[in-house]
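To keep things clear, I will list the structure first and then write my remarks on it.
Number of protein chains: 4
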Amino acid sequence: MVRVGILGATGYTGLELVRLLSAHPQAKVKMIVSSTSAGEALTAQAPGLLGHCELALEAMDIAQIKARCDVVFTALPHGASGPAIRALHEAGVPLIDLSADLRYRDAEVYAAWYGVANAVADLLPSAVYGLPEVYREQIKDCDLIANPGCYTTCSILSLRPLLAAGLIEPSPIIIDAKSGVTGAGKKPSETTHFCETDGSFNAYGVTKHRHTSEIEQELSLAAGREILCSFTPHLLPVKRGILSTIYATPKAGAQEIGDCLCAAYANEPFVRVVETLPELKHVVGSNCLHIGFAYDARVGRLVLVSALDNLIKGASGQAIQNMNLRFDLPETAGLDMPAWTL
Amino acid sequence: MVRVGILGATGYTGLELVRLLSAHPQAKVKMIVSSTSAGEALTAQAPGLLGHCELALEAMDIAQIKARCDVVFTALPHGASGPAIRALHEAGVPLIDLSADLRYRDAEVYAAWYGVANAVADLLPSAVYGLPEVYREQIKDCDLIANPGCYTTCSILSLRPLLAAGLIEPSPIIIDAKSGVTGAGKKPSETTHFCETDGSFNAYGVTKHRHTSEIEQELSLAAGREILCSFTPHLLPVKRGILSTIYATPKAGAQEIGDCLCAAYANEPFVRVVETLPELKHVVGSNCLHIGFAYDARVGRLVLVSALDNLIKGASGQAIQNMNLRFDLPETAGLDMPAWTL
Amino acid sequence: MVRVGILGATGYTGLELVRLLSAHPQAKVKMIVSSTSAGEALTAQAPGLLGHCELALEAMDIAQIKARCDVVFTALPHGASGPAIRALHEAGVPLIDLSADLRYRDAEVYAAWYGVANAVADLLPSAVYGLPEVYREQIKDCDLIANPGCYTTCSILSLRPLLAAGLIEPSPIIIDAKSGVTGAGKKPSETTHFCETDGSFNAYGVTKHRHTSEIEQELSLAAGREILCSFTPHLLPVKRGILSTIYATPKAGAQEIGDCLCAAYANEPFVRVVETLPELKHVVGSNCLHIGFAYDARVGRLVLVSALDNLIKGASGQAIQNMNLRFDLPETAGLDMPAWTL
Amino acid sequence: MVRVGILGATGYTGLELVRLLSAHPQAKVKMIVSSTSAGEALTAQAPGLLGHCELALEAMDIAQIKARCDVVFTALPHGASGPAIRALHEAGVPLIDLSADLRYRDAEVYAAWYGVANAVADLLPSAVYGLPEVYREQIKDCDLIANPGCYTTCSILSLRPLLAAGLIEPSPIIIDAKSGVTGAGKKPSETTHFCETDGSFNAYGVTKHRHTSEIEQELSLAAGREILCSFTPHLLPVKRGILSTIYATPKAGAQEIGDCLCAAYANEPFVRVVETLPELKHVVGSNCLHIGFAYDARVGRLVLVSALDNLIKGASGQAIQNMNLRFDLPETAGLDMPAWTL
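And the structure:
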């Protein structure tokens, strides 16, 4: 049994980790940390976990974590995560970080898009970008795993094989992405107020969203040249799920493009290339990414549509997948559930 | 491994059976039957099940069912279920019926509330009402299990211990129940049209809903006298979940009422008496029923609030619980998941 | 043209006043006050009002109000409203208060249910309860109009004629009410977070909600004896609307009850006794209250169902109706719009 | 008073016409026609119209229409509309058609995208495309007004001034559009089932949606050369509203682009160029189109965001605007309401 600690257990990705791990056959949550609710039972905040996690929240205590946990998920905001990463790493505790703080190869890019210096810039060379479909082998040996962003997982996995194979032009690449409200986190705000969101819809962070830089980093590596994207996120009046509609100029026919995607993911447990275009309800509740496409010969354009659950494959599920790899467990352990469908 | 067949696999309770059974460690779906979609892959209708159920839908064939299944769930509309029940029973196949056709002790009551004669009236004496918290021992030995209705499970389990102990007056009993739209089934209609339901709310079947009679049957048995209820269902603009607000006149104090409920369910894996009043999000996704209450000494009234997921504890989950009992599996097998919370 | 001022113009009832008054033929908003956003254009917060209200928000200034406004709507939280009421009243400005601060005949009842002393207890004898269907004549001559609560308008108008005529028993009276989230106001909180509300449903304030006392005050006056109610509010995952399901014991037949309600509201422009039971979509967007009922002879119970838009007939629309009465305008001026239906 | 007839009055655009016209100061609905519900009161289907339209639905009868109506709105499905158009036109009744049957300059384009021959191909030269911002003068004199599609109004008005002024490249033009469910009409289907739509999101008609051809027709005319678009519609889990995110390559700077849009719509009552990007809640309930944009110098791209209410500016409101023009009424009569905001 892998003994798990979670920092930031009361946030949405933290709660989702607890929920998913309650069904994991080879891992068990042993310590849950919250800076604001120490002493309280987690089920007081989330009665849906009654009978599945009877732990009390605790204050941060590195010695305790080291004594009781084999691995820690840091589910803290970017910036806040840095100091926790350093403390855990210095204590020798392997960690999977769900913030952006370890995701960049170049601390300058982080600084430019996040507007603050990266507090763990010196650790970046030791970190791995925790996208199993790309960095599976490196993840197995790494103690600093940077769990990718939700939008970015969806975008990178859709485009990477085609750019790597040179089947689409490097520009323009336009990613029109739509996310559920859990992506905005648990903290109440005008943005997340039911009455401001229900029945409405909007774009946000247009031309400026931070995930742009993370997508560009990974796509550039795949293409072997600099890739710039238009990335436009939107807020959907749903709780969970991301659906991205991606536009590119094809350099090959529909058959070749389909073959490339199918080949790339033929052995992947959580990525499916589907014939009917993905919908949120096909993936929400599961750790799966669905990718489909339409080929518009009339106007010379490839339209990719991909979807995932932002809290699972886009965050906590992928983090557990990384844990499974790191601890040599079956990669699908605790993650092999179908979508909820309804 | 218990080999499972499902009649009506493309309906909402049928799909939910497939989804839940995909995670069951000791049962496996072997045959899925649909009168309208035979030949088609189930995943064509429900891509969220890709990788979890690769069976094709088949036409009804009793010989095939008998050869390949140890148990059948009949997830058909009332009336349509009767002939299937008879055929399976005559073939010696144990069955769990999700319709109303086997739920009544008295076929006349069924006829009065459903407006048609009960086609399996002769089988009623051999059937058991599949509410494990009440009829657990009988279920273990029965081949005709009548899975209770969604509203009724919620209402009966909330009131039964108090009526049996004489802690509330037998009248008035008022059950104001609110259900998600999956309770109306998969068939498109004006009632289930998104634009007619989203942002709206309404009562329906007021004074006439069929589940009234099922609730009264079981509560009368518990009380040892005839119990009549006001039962008012409402349609909530959500997919899943039932929350019932129940009003009764207490004959005892708050402490005694709480003790009675706690004692009744102390050893039940799926019924929790909670201190904070239940909300849909505390139970949706799980097989749990939550029961809470407020005691209004000022006006002399007990207000019970209970909640469950209508597709799980209110239908398919409870049906699997019955299967587990009937086949001597752990009662919680395949059902021990927390609520989704988000 | 009646010149209107609004205190608390950025809250939900304030915004709704601005929206509705933009279509009023004989009133015009001249001054909008906000303690937190003075100096800002209202349309910066509500771009949907572009072209309809180009005023900037101002700080509270009694002299300015007196100079520029014939009437003021105070749309402030209870408690905060008291001082504003006093200042306006002393300045001789007629006001319509949307808080609870002027609603009670007995300041002790307010203190008991709100947990604070009533800061304008001395003004209560001069105030009128602004329910036009009951106090129309008094409203015409009053400068301190206490606009009723949303739940209470719905409950009182449904029950009042029947209690006054002695057609229902004084007890039990059970009001099971369900409201949209705008009822919780604009301030972000866990309760109003989209992800905590969408797909969920819950009761709140059970046995303790403040509107209970307001309902009991008015029903007791109508019945000529003390009336106590069970009042249970619930939070619906919709933006607007209240639907109440009300249970009472009839002392007369269905015909007599229907006749009584129809007679009570035959000449009312905004109350309709309907044959098909009300649904939120029949009233949301309008200033109408719909009342329907089912008579359950089997169990001896009357089930009333009534519905209104909590921001219109339950707050801002009713406030404008009161203004129309006070200023001798046609009672329906600016309020005669159909429900949105979709 | 303009006397109005409506064919297809029970559909969503028909009901919206009735609702909006109930507040029109210079037009009155005199006849409502339904092929399926003749004889029934419209309020039986839409109780929200009680007190605002007490007409009974009638069967189609050209003589009656001619006698009682000055203008007819044909709110029928494409194909079904053709015969009605011909009959009304031959009878000399001016009409505003909400289907696609009169929208094309070239009947072959209609046939290619709709898969059926255009039954009124001979009338197309006499028809005007009823987009007031473009064809205002022609509309005033025409008896065959083709009301534009919902997606197309939003797309054409966003792009037309920029293409006409040569400020964007003619290719690529990518329109990623998202619509509420009323756009799919009133007929119940799996697509519009609450449980299939709520909490989900999907693209549909990718590369093949019929509105593509209508958009291309009008943009080509504006640009003076053939324009081809990628148009991808999506289904939002909301009732009303369309938001389009449009990507193009700029040939000028941000200032020049903003100036061009502002100049184009400076005198338009229903089109606003806004600084904060549009959201559905800014326009739903109004007849307004909001257009905003972000200029991404980093990647050389213009991102336009535009939003309207698909049932109002995208259908019935625009149809009334056309009627106002045709009958020399103030263009904003009956249409000058703010967005609902909540």
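So the protein sequences, as listed, match chains A, B, C and D. Here the first sequence stands for residues 1 to 342, where the numbers follow my numbering. Here the second sequence stands for residues 1001 to 1342, where the numbers follow my numbering. Here the third sequence stands for residues 2001 to 2342, where the numbers follow my numbering. Here the fourth sequence stands for residues 3001 to 3342, where the numbers follow my numbering. Where is the CB? At the ideal position from N, CA and C, for every residue including glycine. Given the structure is predicted, the values throughout are model-derived calculations rather than measurements.
If you look at A/Met60, you'll find it isn't in any alpha helix (DSSP H); DSSP assigns it neither H nor E.
Residues of chain D whose Cβ lies closer than 7 Å to the Cβ of A/Cys195 are, in chain order, Leu3342. Cβ neighbours of A/Thr13 within its own chain (closer than 6 Å, five residues either side excluded): Ala75, Leu98, Ala315, Ser316. Bridge partners of A/Ser34 according to DSSP: none are assigned. By DSSP's assignment, D/Arg3301 forms a beta bridge with D/Asp3296. Using a Cβ-Cβ cut-off of 7 Å, D/Tyr3012 is close to Leu2342 of chain C, given in chain order. DSSP places B/Ser1200 in no alpha helix (DSSP H); its state is neither H nor E. Taking CB atoms only, C/Thr2043 has no neighbour in chain A less than 8 Å away. Within 9 Å of the CB of D/Lys3187, no CB atom of chain C is found; the nearest one sits about 14 Å away.
Using a Cβ distance threshold of 8 Å, D/His3211 and D/Leu3144 do not count as a contacting pair. For D/Ser3230, DSSP records a beta bridge to D/Ile3174. For chain D, none of the residues of the stretch 2026–2038 of chain C brings a beta carbon within less than 8 Å of one of its beta carbons.
Between C/Ser2286 and C/Leu2236, the C-beta gap is not smaller than 8 Å, which leaves the two residues out of contact. One thing to note: C/Val2002 has its Cβ within 8 Å of the Cβ of C/Met2323. If only uninterrupted alpha helix (DSSP H) runs of at least 4 residues are considered, those enclosed by the stretch 2111–2140 of chain C are 2132–2140. D/Thr3197 is positioned such that its CB atom lies closer than 8 Å to that of B/Phe1194. A residue is called buried once 16 or more other Cβ atoms fall within 10 Å of its Cβ, and C/Arg2240 is buried on that count. C/Ser2244 is bridged by DSSP to C/Ala2177, C/Ser2306.
Bridge pairing for D/Gly3149: absent [DSSP].
Among the CB atoms of chain C, one or more fall inside 8 Å of the CB of A/Val181. Here D/Pro3125 is exposed. Its C-beta has fewer than 16 other C-beta atoms within 10 Å. A/Val299 and A/Pro269 have their alpha carbons spaced roughly 34 Å apart.
For B/Gly1314, no chain D residue has a Cβ inside 9 Å of its Cβ, as the nearest lies near 15 Å away. Contact between the stretch 146–159 of chain A and the stretch 3204–3218 of chain D is absent: fewer than 3 CB-CB pairs across the two stretches fall below 8 Å. Put simply, the backbone Cα of A/Val206 is about 5 Å away from that of A/Thr232. Around the beta-carbon of A/Val116, fewer than 16 other beta-carbon atoms lie within 10 Å, marking it exposed.
In chain order, Arg298, Val299, Gly300 make up the part of chain A whose C-beta sits under 9 Å from the C-beta of D/Leu3228. Close CB contacts of B/Met1031 within its chain, under the 7 Å cut and outside five residues either way in sequence, are with Gly1005, Glu1058, Gln1064, Ile1065, Arg1068, Cys1069 (chain order). For the pair D/Leu3280 and C/Thr2043, the Cα-to-Cα distance works out to about 15 Å. A/Glu190 belongs to the set of residues whose beta carbon lies under 8 Å from a beta carbon in chain C. Secondary structure at B/Arg1019: helix, using DSSP grouped into helix, strand and coil.
About 7 Å separates the CB atoms of A/Leu102 and A/Val120; that is less than 8 Å, so the two are in contact. For B/Thr1212, the enclosing alpha helix (DSSP H) stretches over residues 1211–1223. DSSP places B/Arg1003 within a strand segment (E or B) once states are collapsed to three. Sequence-distant Cβ neighbours of B/Val1284 in its own chain, meaning closer than 7 Å and more than five residues away, are Arg1240, Gly1241, Asp1309, Ala1339, Trp1340.
By the neighbour-count criterion, in which a residue is buried when 16 or more other Cβ atoms sit within 10 angstroms of its Cβ, B/Gly1048 is buried.
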